[in-house]
Structures are given as C-alpha cells and as structure tokens.
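A quick write-up on the structure given underneath.
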Amino acid sequence: MQLNFDDERPIFIQIAEQIEDAILSGAFPEESQIPSTTEISVSYKINPATALKGISILVDSGIVYKKRGLGMFVAEGAVEKLRNKRKDEFYENYVSKLVREAKRLNFSKEDIISMVERGFEE
Amino acid sequence: MKCLSVDNVTKRFGDITALSGINLDFYENKIYGLLGRNGAGKSTLLNIITGRLFADEGSVTLDGTPVIENEKNLSRIFMMSENNYYPESMKVSEAFGWTKEFYPSFDMERAYDLSERFGLSPNKKIKSLSTGYSSIFKLITALSTNAPYILLDEPVLGLDANHRDLFYKVLIEVYSENPATFIISTHLIEEVSGIVEGVVVIDAGRIICNESRESLLSRYCCITGAVSAVDAFVQDKKVIASETLGGLKNAYIEGTVVKGSLPEGLNISGIDLQKLFILLTNKGGRKQ
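Top to bottom, those sequences are chains D and U. Residues 1 to 122 (my numbering) make up the first sequence, in order. Residues 1 to 288 (my numbering) make up the second sequence, in order.
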C-alpha cells in the first residue's frame, strides 16, 4: 500500500480507497477485522485523525462496521457494494473518456466495440 | 477552549526584529508543524513560549493564564531543543530520574522501553553520546514526559533514516496512547507532512500561514500541459509560481479547479507540503 502526498486527493480519501482495494482483492475478507486506526497511522506515518477520517467514510457507506471493544470489521455484502460503486466510477473514469477520445478521432462505435473485444481475447 | 496562546509577541535583538506581532493558538491534543527557513524565528518563538527568552511585547498564556514565572504552567510544557541543559557527566538513566523531578508524570517504563528500541544504553554518560544519540536521548525524554504540551525543535537532527522512521512511528504510538499537543519545528517537511494536523509557516519573523494541512493543501494545485494551453487556462487565476521544460509548463495556482472543467490536454495535480512551503517562502527572495 502506498500513499501519494502530491495526489490532488486528500490522504484520508486515499486511505479509504486502499482499504476498499484490499477488501476487493480479498486481502480483508468479509467479516474479518481490518487494522486499527493506530496501526494504520503508525504504518503510514500519518496523523491518527486522518486515518480515522478515512475509516469513517467506509463506516458511513456501510463497508465496515464497529464491533464494540473489538475493532472494525468488513461488513457482509461489502464486496458486492464496492463492485457496484466501482462500476459507476469505471464508467466515469474510463468509458466516457474512451468515447470522448473516439469521437475526437472519428472512430466509429463498431471500431471501439471490436477493439474492446480484441482486448478481452488477448 | 484549552490552548496555548501566543498574543501579539514581538522580539527584537538590537536592530533586528526577530518576531513581529505573532498571534497563534495551539489547541489541545493536536500535532502542529512549525515550518520556516533558517533564521525565520522558529527557535526564538519556541524559546519565548517556554520562558527561556522574554518577549519585548505581547504574552504567552496557557488556558488563559500566563506561562512566564508560573511553575504550574511551565511544568505542563516540555521543550526539546538543540542545546543540552543536562550536566554532561550525568548518565542517561540519571537524567531520566532528574526529569521526573520536574515532570512527575514522566513514564520511566516508556523511557527504558524506547531506549531499548533505539539502542540507547541508559548507563552511558550524556557527554559520550554521538550527535545522533544525543538527539535520541532528548527525544526519548520528551516522549516520556507525558506533558500536555511538547515542543520539539529540530527533533531528528543527526538521526539516520532508520532512526527517523522509528521516531515518527513512536511519536504516533505515544500520541495515540497519550494525546498531547506537539509542536514540531523541522526542515524535513516531507517526512512530517502526513503527521501534522496544523501547519504554521513563519517567514522573516511573521506568520504567513496558520491552518490545517488539509485545508491548506486543498487551496492550491498545479496545472500541467503545453505552454500556450496552460497560459490560456490560468490567465484569470492566481498563479503563485510557474516553471517550464521545453514546451511544457507547470503553473502553481491558488484556488480550486474542478477536474471536469479542465480542457483536454491539461493535467491537474496536488502540491505536496514541502513544495508549497518552498513556493510560499521563496516569494520576494531572501535577504540576510
């Protein structure tokens, strides 16, 4: 896991995304415990308030939940939830950009679809 | 609100005004970075806060009561500085005991535990310590006092990369366990940029920035692209600095830019704290 301090996104957002990535990759399975605020802040060398803010995003969106006295755990259904969220982001970040660039270069819809198919075959 | 307040502090040394009308509040249980170039007035300010120097004007108060000549308040503030105030023939272990006399909440167990983690032998005499270990000894003392306000002036001076890394981790551990206000004055901005919550930049004796790191960094960004495209985009924006590399240009601007509003071919990135510090304190050059 790596933080990028000159990213235009604040550190707490990056922390939340990295935990999401870890959940999606299966490194933190559903119903398993995620590292504590202190563990995260010590290992990334960031202020505990920043780490807490990152985790709070995940709590608010129902990805992780708190077990009193035990710590933070990955919620059941978190992977599915994240996949849907990432699908929307995927469209924003990749598909709309792809279509815009294709139109600029005068590629047809069929051209693009066949390129995507080629991508899947490779 | 519980805080350490510096009110309108001015300090002159002969003809030189080292600090000019400084107003600052350091709130309870937050970590601050006190940043400034050499000679900007950082150490003078810290020395005035701890009563080692007297201000010509203004005052320093803790929760509303003066710090100067107030033993109770002074015992709530610990300062680690470059100077060594311990008798040189004293052993490390004796110095820990001595500090406990002045700071009753000093955690002896933590001091010995940290000594072991940093490889500092408590039986060594202070005068025999190398520059790096002298810093480590002072750091361990500071981190063990449990004082509610801990001031660290150049804490990592002479420490190798491994010891600096360990120090930052230990600092966060101690802070998580026993929250306190930390004011860290350092030139290694990149290394503390994730740790500090508040950023105070002092330049030529004046405060030029005093806000949270997050809000400070969110107010600036860098636009990169072809010279003409960048120039066209930033013409109505506040450009604080720019640099070109052949036909490419980086423009550092104050103000936020919505990513979607960026014309094709231009890129936006954040500015890290060290870069921003350089840009803010480069303004108008530097005279001695």
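Virtual Cβ for every residue (Gly too), placed ideally from N, Cα, C.
As the crow flies, the alpha-carbon of D:I40 is around 8 Å from that of D:I46. At a cut-off of 4 residues, the continuous stretches assigned as alpha helix (DSSP H) that sit fully inside the region 79–167 of chain U are 92–102, 108–118, 131–144. In this structure, the alpha-carbon of U:T10 lies about 10 Å from that of U:T44. Interface criterion not met: the Cβ of U:D160 is under 9 Å from no Cβ in chain D.
The Cβ atoms of U:G255 and U:R219 lie closer than 9 Å to each other.
In terms of Cβ geometry, U:G119 and U:L159 do not form a close pair [threshold 9 Å]. Rounded to the nearest angstrom, the gap between the Cα atoms of U:A40 and U:K249 is 31 Å.
For the region 122–137 of chain U, the beta-carbon criterion of a distance under 9 Å to any beta-carbon of chain D is satisfied by none of its residues.
Cβ-Cβ distances below 6 Å link D:A22 to F28 in the same chain, with the five nearest sequence neighbours on each side left out; the list follows chain order.
Nearest neighbour of D:A51 by Cα position, chosen from D:T38, D:D60, D:I63, turns out to be D:T38.
Nearest in C-alpha terms to U:A147, of all of U:I184, U:K237, U:N73, U:R117, is U:N73. Neighbours of D:V95 in chain U, taken as residues at a C-beta separation under 8 Å, are lacking, since the least C-beta distance is about 15 Å.
Beta-carbon to beta-carbon, U:L280 and U:I208 are separated by about 6 Å, close enough to satisfy the 8 Å threshold. In chain order, V42, K45 make up the part of chain D whose C-beta sits under 7 Å from the C-beta of U:K169.
Shown here, D:A102 sits in a helix according to DSSP, grouped into three states. Residues of chain D whose Cβ lies closer than 7 Å to the Cβ of U:E197 are, in chain order, N47, A49. For D:E8, the nearest beta carbon of chain U is closer than 9 Å to its own beta carbon. A direct Cα-to-Cα measurement between D:F73 and D:I15 gives close to 16 Å.
Using a CB distance cut-off of 9 Å, U:I253 does not count as an interface residue toward chain D. Beyond the five residues adjoining it in sequence on each side, U:I136 comes within less than 6 Å, by CB distance, of F118, L120 in the same chain, given in chain order. With 16 or more other Cβ atoms inside 10 Å of its own Cβ, U:R76 counts as buried. Contact annotation, D:I55 with D:V64: C-beta distance approximately 7 Å; criterion of less than 8 Å satisfied. The beta carbon of U:Y175 falls within 9 Å of a beta carbon belonging to chain D, placing the residue at that interface. U:A241 is bridged by DSSP to U:Y252. It is roughly 28 Å from the alpha-carbon of D:A75 to the alpha-carbon of D:Y94. Looking from the CA of U:F233, the closest CA among U:E264, U:D113, U:N47, U:Y168 belongs to U:E264.
DSSP lists U:L34, U:N210 as the beta-bridge partner residues of U:V200. Judged by beta-carbon spacing, U:G36 lies beyond the 9 Å limit of U:V192, meaning their Cβ atoms are not closer than that value.
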